[in-house]
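Structure record follows, encoded as structure tokens.
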Amino acid sequence: MNAEFMLLAIYNKPVLSLEEVCQVVGVGTNTAYVQRSNGTFPVPMSGKPLRADIRDVAKYLDKVRETAA
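Basically this note's numbering = 1-based index in the sequence shown + 3.
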């Protein structure tokens, strides 16, 4: 199953909050803030409050799955 379709089925919206992205990626929100400050957070996010395009989150998940195989 494509990660993008999976995320759309779960969240039913095209943009995810920081908390939702953290849940998908498997990091805590404090870790995410530190990684964003360091420029190492794996998913691009913007806006206030921070939001991520579901396609970017899916792209990250697909990349992780490929490297794990």
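Heads up, the beta-carbon is just placed ideally off N, CA and C, and yes, glycines get one too.
Just so we're clear, the structure is a prediction, and the values are computed from it rather than from any experiment.
V28 and A35 have their C-alpha atoms roughly 10 Å apart. Out of P45, A55 and P52, the CA that lies nearest to the CA of K66 is found in P45.
A straight-line Cα-Cα distance of about 12 Å links L21 and Q38. Residue pairing from DSSP places A55 in a beta bridge opposite L19. Taking the Cα positions, L11 is about 7 Å away from P17.
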